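Here the protein sequences line up with chains V and U, keeping their order. Under the working numbering, the residues of the first sequence are numbered 190 to 493, in order. Under the working numbering, the residues of the second sequence are numbered 126 to 395, in order. One structure below.
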Amino acid sequence: MSKLTTMADAITRYVSDGSSVAMSLALEPLIPYAAGHEIIRQQRRNLTLIGPISDVLFDQLIGAGCVEEVKAAWVGNVSEGLGHCYRRAAEHGVPHPIITEEHSNFTIGLALLAASLGSPYIPTRSALGSDIPRQNPTFRQETSPWDGSPLLLVPALHPDVAIIHVQRSDEDGNAHLWGNLGICEEAALAARHVILVAEEIVPREVILSDPNRVLAPSFKVRAVVHEPWGAHPSPVQGYYERDHAYYREYHQRTRTLEGFQQWLDEWVLQVPARSAYITKLGEQRLLELSVKEHSYAAPVDYGY
Amino acid sequence: MAASAGNYTPQELMVVCAARQIHDGEHVFVGMRLPLLAFALAKRTHAPNCVGLFEAGLVRDIPASRLLYTMGDLANITGSLWATRMVNLMGLMAAGEVQLGFIGGAEVDRYGNLNTSMIGPFDKSGGYKHPTVRLPGSGGAADIASLSQRLAIIMQHDRHRLRERVDYVTSPGYGYPSEHGPAGTVWRQRAGLPRGGPAALITTLALFTFDPGNGEAMLQSYHPGTTIEQVQEQTGWQLRLAPNCTETLPPSEQELQVIRECDPEGVWTR
């Protein structure tokens, strides 16, 4: 059954006001900016964002007023530093106050892993002695029933929806993702619904030719959106490089609230869909970012 | 190693100091920016068999062929030994397989505790709301500080950053002395951390090592062009000198050459 749809339709159906949304799960690559921008255009409110490191996607959603709570390890701009919208919201409640549930990269991964395993929590020794467990009221510190040593119990986290950018998918949501995986698998398995955003839609046979590269079973997937360049300015292995200049410009332009609003208007609100966004980027920029030195894996034999 | 007579930036010297922390054959949690260059430098000089781990889910034994802005840049995946899930990388570290981890911070204190979360004042019992400065948060830093065998910290040196006590402990160093006992390795044991602790604090002015017995930073060396007095002026605690405190060995010509090949435009080092 084809799950192919438009981004606008996928967001309308699976992201509601108040939803918990896991995004940006491969850390710096494969960030679903196209989905984030559609969420902003549809004016979703009171979202809970879940993710390890979101580069500037979470900063944009916070600045646009979509977010009530952030469950993340890091919110900022990876190559430039602080996230100005995150700062305005956390320090001054602009555009409105947000709640932060502090994590480390490992604990957010363990929280989603626990959910993916059907386990209520996973114990770890990471972050013991730090202020993170004091600030995050969902963590519990207990002692090991075996040796009495201190343990941090990280409770399972079940996102309503995970939005995951992949290189290629078939219409049913059987998808290949490659490169570093971050916590994409954990989130896809932990979430109630999965929206896949794909650079390419390919026949089912292409995906089935290499089942080890598949992200998650397609029965977890509710919608498949074909959105070339949908992860720009983050990189997609085999397709395009990170657009460092974009991150620099975003950092400079969003220092003030007025600057952010102008940026948001220009790059999100006045851009009706990703096709218009690509046109706005321009041929030259796309060419510069496109992969030029291809590097193909050796084929593997799944024969019997 | 012949001392260099040439000019170099504080960042280049920090890369050299960081590379010197890497022993041959070690598994190193590399992180971003200057440690990326330190890994490449160590590989090409004294530690050809070290292996780099990246929390995004990557293991490499050859540095990427071009300068990286982030660990997820395409060139860091091409030619990697393993591209996998983040929890596998963190899991290796939790299991004790990572000898050295690098992190940076906005603030560090004399016990090597790091803050990358928020600068006060804020109400700790009231949900940590409305800090003066909201910083990005831990990322993987708390995990690296908790789980690696040794930690090397890299940061800009000034009095506001090197403090007697940080406002928020994002990444645990040697804790604090209390009625339960001293700071240091025993504090980490009390907290339940399995191993580790800061081994080096590398700044734009100096190199500190730590006394695991009480967790205190000790000035190990001051960089050429600075003095102990200048380091003290920019440090928020009363300096304790290591017994053999001396001037930092400057970069060699070879070290500078490798760094400038890796970062020809000086993105991270100028």
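Cβ coordinates follow ideal geometry from the N, Cα and C atoms, glycine included. Just so we're clear, the structure is a prediction, and the values are computed from it rather than from any experiment.
Exercise for review: State yes or no: is the beta carbon of residue 197 of chain U nearer than 7 Å to at least one beta carbon in chain V?
Suggested key: yes
**Study point:** Check whether residue 269 of chain U and residue 309 of chain U have beta carbons under 7 Å apart
**Key:** no
Exercise for review: Taking residue 273 of chain U as the reference, give the member of U/219, U/355, U/199, U/374 with the closest Cα.
Suggested key: U/219
Review point. Does residue 128 of chain U get closer than 7 Å to chain V when you measure Cβ to Cβ?
Key: A caution first: residue 128 of chain U carries a pLDDT of 46, below 50, which makes its placement in the model unreliable, though a value can still be read off. False, the Cβ-Cβ gap to chain V never drops below 7 Å.
Review point. For residue 173 of chain U, does the count of other Cβ atoms within 10 angstroms reach 16, so buried, or fall short, so exposed?
Key: exposed
Practice item. Please name the residue, chosen from V/318, V/477, V/347, V/335, that lies closest to residue 154 of chain V on a Cα-to-Cα basis. Key: Limits of chain V in this structure are 190 at one end and 493 at the other, which puts residue 154 of chain V out of reach.
Point to revise | Enclosing beta strand (DSSP E) for residue 448 of chain V [first to last residue] | key: Taken as a continuous stretch (DSSP letters only), residue 448 of chain V belongs to no beta strand (DSSP E), being part of the alpha helix (DSSP H) at 446 to 453.
Practice item. Answer yes or no: does any C-beta atom of chain V fall closer than 7 Å to that of residue 211 of chain U? Key: yes
Exercise for review: Compare the C-beta of residue 394 of chain U against all C-beta atoms of chain V and say whether one is closer than 7 Å.
Suggested key: no
Exercise for review: Give the straight-line distance between the Cα atoms of residue 195 of chain U and residue 368 of chain V, rounded to the nearest whole angstrom.
Suggested key: 14 Å
Check your understanding: Of the residues U/335, U/376, U/229, U/381, which one's Cα is nearest the Cα of residue 154 of chain U?
Key -> U/229
Check your understanding: Going by the CB atoms, is the gap between residue 317 of chain U and residue 237 of chain U shorter than 7 Å?
Key -> no
Review point. Of all Cβ atoms in chain V, is any one closer than 7 Å to the Cβ of residue 304 of chain U?
Key: no
Practice item. Please confirm if the segment 457 to 474 of chain V is in contact with the segment 410 to 420 of chain V, defined as three or more CB-CB distances below 8 Å between the two stretches. Key: yes
Review point. What in chain V is Cβ-close to residue 260 of chain U, meaning under 9 Å?
Key: 265, 271, 276
Check your understanding: What does residue 330 of chain V pair with, by DSSP beta-bridge criteria?
Key -> V/341
Practice item. Please confirm whether residue 342 of chain V and residue 329 of chain V have their CB atoms less than 7 Å apart. Key: yes
Check your understanding: In terms of alpha-carbon separation, which member of V/470, V/452, V/291 lies closest to residue 262 of chain U?
Key -> V/291
Point to revise | Per-residue burial, residue 132 of chain U [other beta carbons within 10 Å of its own, 16 or more giving buried] | key: exposed
Practice item. Rounded to whole angstroms, what's the CA-CA distance from residue 355 of chain U to residue 332 of chain U? Just pull it up for me. Key: 13 Å
Point to revise | chain V residues whose Cβ lies nearer than 7 Å to that of residue 203 of chain U | key: 484
Check your understanding: Per DSSP, which one or two residues make a beta bridge with residue 194 of chain V?
Key -> V/414
**Study point:** Candidates V/410, V/313, V/438, V/455: closest to residue 339 of chain V by CA position
**Key:** V/313
Point to revise | Neighbour flag for residue 324 of chain V against chain U, beta carbons, 7 Å | key: yes
Check your understanding: Going along the chain, which residues of the segment 164 to 183 of chain U sit with their C-beta nearer than 8 Å to a C-beta in chain V?
Key -> 179, 180, 181, 182, 183
Exercise for review: Let me know the secondary structure DSSP gives residue 234 of chain V once reduced to three states.
Suggested key: coil
Check your understanding: Mind pulling the chain V residues with CB within less than 8 Å of residue 295 of chain U?
Key -> 319, 320, 321
Check your understanding: In chain U, which residues lie with their C-beta within 8 Å of the C-beta of residue 433 of chain V?
Key -> 194
Exercise for review: Identify which residue in U/247, U/152, U/158 has its Cα closest to the Cα of residue 394 of chain U.
Suggested key: U/158
Check your understanding: Nearest to residue 453 of chain V by alpha carbon, out of V/225, V/198, V/305, V/294?
Key -> V/225
Exercise for review: Tell me, please, which residues DSSP counts as bridged to residue 288 of chain V.
Suggested key: V/258
**Study point:** 9 Å Cβ cut-off: residues of chain U touching residue 449 of chain V
**Key:** Here the premise fails: no neighbours, minimum Cβ distance about 15 Å.
**Study point:** Test item: CB-CB of residue 211 of chain V and residue 364 of chain V under 7 Å
**Key:** no
Point to revise | Interface partners of residue 314 of chain V on chain U, CB under 8 Å | key: 219, 271, 272, 317, 318, 319
Review point. Just reading off the beta strand (DSSP E) that residue 464 of chain V is part of, what are its end residues?
Key: Not the beta strand (DSSP E): residue 464 of chain V falls in the alpha helix (DSSP H), residues 463 to 470.
Check your understanding: Hey, how far is the Cα of residue 293 of chain V from the Cα of residue 267 of chain U?
Key -> 6 Å
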